[in-house]
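Position in the sequence shown counted from 1, then plus 15, gives you the numbering used here.
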Amino acid sequence: MRSERVGRLFWFVSYWWAGVLTVTAISTVIRFFLVPT
C-alpha cells in the first residue's frame with residue numbers, strides 16, 4: 016500500500032480514538048458529579 020493511505024488511516028484512527036477517550040472521560044466525570052453522594 017502507498018504510504019499516503021497508511022498515514023491518512025493512522026491519523027484517522029488517532030483522531031477517532033482521541034474522540035472516543037474524550038467522550039468517555041467527559042461522560043464519566045458528568046456521571047461522577049451527577050451521582051448524589
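C-beta: ideal position from N, C-alpha, C; glycine also.
Excluding five sequence neighbours on each side, which residues of the same chain lie with their C-beta closer than 7 Å to the C-beta of Phe48?
-> The sequence position of residue 48 within the sequence shown is 33, counting from 1. Once the five neighbours on either side are set aside, Phe48 has no close Cβ partner at all.
Could you tell me if the beta carbon of Arg20 falls within a distance shorter than 7 Å of some heavy atom in the ligand MG?
-> Ligands in the displayed structure: none, and consequently the ligand MG is not present.
Along the chain, where does the alpha helix (DSSP H) that runs through Arg23 open and close?
-> Position 8 of the sequence shown, counted from the start, is the residue given in the question as residue 23. Following the DSSP letters along the chain, one finds Arg23 inside the alpha helix (DSSP H) bounded by residues 18–49.
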